[in-house]
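Q: Chains as they are written, first to last, in my numbering: chain A, 60 to 465; chain B, 19 to 86.
Even for Gly, the Cβ is constructed at its ideal location relative to N, Cα and C.
One structure follows; several queries about it will come next.
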Amino acid sequence: MPDASPPRAPAAPLFPFQRTSPFDPPPQYAAARAAGAVCAVTLWNGKRAWLVTRHEDIRRVLSDDVRFTSRMADPDFPAITPARVSVDRNERAFVGMDNPAHDAYRRMFTREFSYKRLQALTPQIRAIVDRLLDDIEAKGPPADFIPEFAIKFPSLVMSALFGSPYEDHEFIIRCAAARHGLTQSVEDAEAKGRELAAYVRRLIDAKEAVPGDDMVSRIIEEHVKPGRLSRDDFAEIGAMILRAGHDTTANMIGMGVLLQMQNPPLRDELRANPALIESFVEELLRYVSPVQFSPRRVAREDVEIGGVTIPKGEGLFMLLASANRDEARFAKPDELDPHRDASHHLAFGYGIHQCLGQMLARFELAIAFERILERLPALRLAVPLEQIRFKHDMQIYGLHNLPVTW
Amino acid sequence: MVTKVRVDQDKCIGAGHCVRAAMEVFDQREEDGIVVLLMDEVPPDLVAKVRKAEALCPAQAIRIEVTD
């Protein structure tokens, strides 16, 4: 009976939205923050999902493991593409788990990413940066900074830390792209997921036979041999670590170098005062927020956020890029200002699932920028900005190319 | 006025913000990266750093108590 039905809400817009500026999130995010705590959207499959857009609300949801689940295998888990549905259902690493299982697995890996352990790696990381800059200088200008530096650098670091042979990095990046794209087929995403886990599984066997000074060998000794961690579970977690370690840092370096080249006063200030680079890295993470459609949650019960009830079983997207431009938390949020304290940004998420590799990323970014500023002071774009291809087609934002000269 | 800091090792996820913010007060266990306290009474010159650690901890595993 039509008369008895409740008044119909306006149709929820289709998500995701398009950017109108390559350096800013879609304008709908600011509109959503102003309009209310949460915003209903429609996904590609016709399902409704909720965008959480304010800093405070995202922190609250990500701290609440009682009323929200992170279980990616949950049939209601919201997915941005058909391929992502399949990726989520096949996720076996702790990123897709709730507690207590999440913490039990994560704790086997946290020491590898502890602050002091990574700090001790900084001379090694600096040497990798300098070697790559030697190669770039020896070849001479112009260079595409994405393949020549931004991709090679974190790959070399992960190779040294994790124990994956460097020559495999292009394969690993192809596997990451098949998961992080917005247009890939379900078959490709599934196949690349399986291939990367199988690759890590073979690496585990190889390191078990011939151990090295690397993460895989240490985890085998500490957790696999005593029977706490199966080889197959380790392979899935290792695949997650490899994908994250190769893709996200590369994207941040590309965006960071481009933004410095576009802003000569900023670049000159960072070069003159390297002590400012640490806070610049935090500000850059805030400003760029490369992870666009995660974290996600499903409401385990009806939950009210800012006066709106999210029904049990519906999915939520935490828009980190929106939280990091929230006027209520950051003054003049659309300005890139290395002098602000941006350390409470949410670029790495929040709560128990906050990025495992975040401290490594911070060291990598700070060291890379410091060395690039010193060694290539005249670095500039070799093409007009219009020829830079931004990753509008990926779930992790960044650059496909960055032709530079000096 | 005495500032005391407490940590909840069951909540800790080993993100490392506390060590980064206040290395004099916090450390991470060698075996699993979980927080350990190097002192429980915070000298006045470290209070700001410890407050930052408390604010940034993603697992909300740090508590500060101020007593007279």
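What in chain B is Cβ-close to R170/A, meaning under 8 Å?
A: G32, Q46, R47, E48, E49, D50 and G51
Q: On a Cα-Cα basis, can you pick out the residue from T79/A, I312/A, V340/A and I139/A that is closest to N104/A?
A: I139/A
Q: Expressed to the nearest angstrom, what Euclidean distance is found between the alpha-carbon atoms of V120/A and I184/A?
A: 35 Å
Q: Who pairs with W109/A in a beta bridge, going by DSSP?
A: A99/A and L375/A
Q: Using a Cβ-Cβ cut-off of less than 8 Å, list which residues of the stretch 76 to 106 of chain A approach chain B; keep chain order.
A: none
Q: I'd like to know if the stretch 88 to 102 of chain A and the stretch 355 to 366 of chain A are in contact, where contact means that at least 3 CB-CB pairs between them fall below 8 Å.
A: Between the stretch 88 to 102 of chain A and the stretch 355 to 366 of chain A there are three or more inter-stretch CB-CB distances shorter than 8 Å, so the stretches are counted as touching.
Q: In the DSSP assignment, the beta strand (DSSP E) including V367/A goes from what residue to what residue?
A: V367 to I369
Q: By how many angstroms is the C-alpha of D86/B removed from the C-alpha of M311/A?
A: 46 Å
Q: Roughly how many angstroms lie between the CA atoms of E110/A and A390/A, to the nearest whole one?
A: First, the residue type needs correcting, since residue 110/A is Leu and not Glu in the sequence shown. So the alpha carbons of these two residues sit roughly 22 Å apart.
Q: Apply the 10 Å Cβ neighbour rule to S289/A and answer buried if 16 or more other Cβ atoms are within range, or exposed otherwise.
A: exposed
Q: Which chain B residues sit within Cβ distance under 9 Å of I411/A?
A: K29, I31, P76 and A77
Q: Establish whether the CB of Y174/A and some CB of chain B are separated by less than 9 Å.
A: Closer than 9 Å to some Cβ of chain B, the Cβ of Y174/A qualifies, so yes.
Q: What do you get for Q77/A, buried or exposed, if any count of 16 or more other CB atoms within 10 angstroms of its CB means buried?
A: A residue is called buried once 16 or more other Cβ atoms fall within 10 Å of its Cβ, and Q77/A, having fewer, is exposed.
Q: Under 8 Å Cβ to Cβ from R81/B, same chain only, skipping five residues before and after it: list those, please.
A: Around R81/B: V23, R24, V25, D26 and E72.
Q: What would DSSP say about Q27/B, mapped onto helix, strand or coil?
A: coil
Q: Take C30/B and list the residues in its own chain whose beta-carbon comes closer than 7 Å to its own, dropping the five residues that flank it on each side.
A: I52, V53, A77 and A79
Q: Measuring CA to CA, which of D203/A, F74/A, V146/A and A108/A is closest to A298/A?
A: V146/A
Q: Starting from the N-terminal side, write out each stretch of the alpha helix (DSSP H) that is 4 residues or longer and does not extend beyond the stretch 305 to 331 of chain A.
A: 323 to 331
Q: Is the separation between the beta-carbon of P333/A and that of L191/A shorter than 9 Å?
A: Result no, Cβ atoms of P333/A and L191/A do not sit closer than 9 Å.
Q: Once DSSP output is grouped into helix, strand and coil, what is the label at L301/A?
A: helix
Q: Should L317/A go down as buried or exposed, given a rule of 16 or more other Cβ atoms within 10 Å for buried?
A: It counts as buried.
Q: For a minimum of 4 consecutive residues, which ranges assigned as the alpha helix (DSSP H) are wholly contained in the stretch 229 to 281 of chain A?
A: 245 to 268 and 274 to 278
Q: Between V73/B and chain A, is the shortest Cβ-Cβ distance under 9 Å, so that the two count as touching?
A: A small fix is needed here, since residue 73/B is Ala in this sequence, not Val. Closer than 9 Å: yes.
Q: Leaving aside the five residues before and after E337/A along the sequence, list all residues of the same chain whose C-beta is less than 7 Å from its C-beta, in chain order.
A: Excluding residues within five positions, the ones whose Cβ falls inside 7 Å are A425.
Q: Compute the distance between the beta-carbons of P134/A and T101/A, then report whether it is under 9 Å.
A: no
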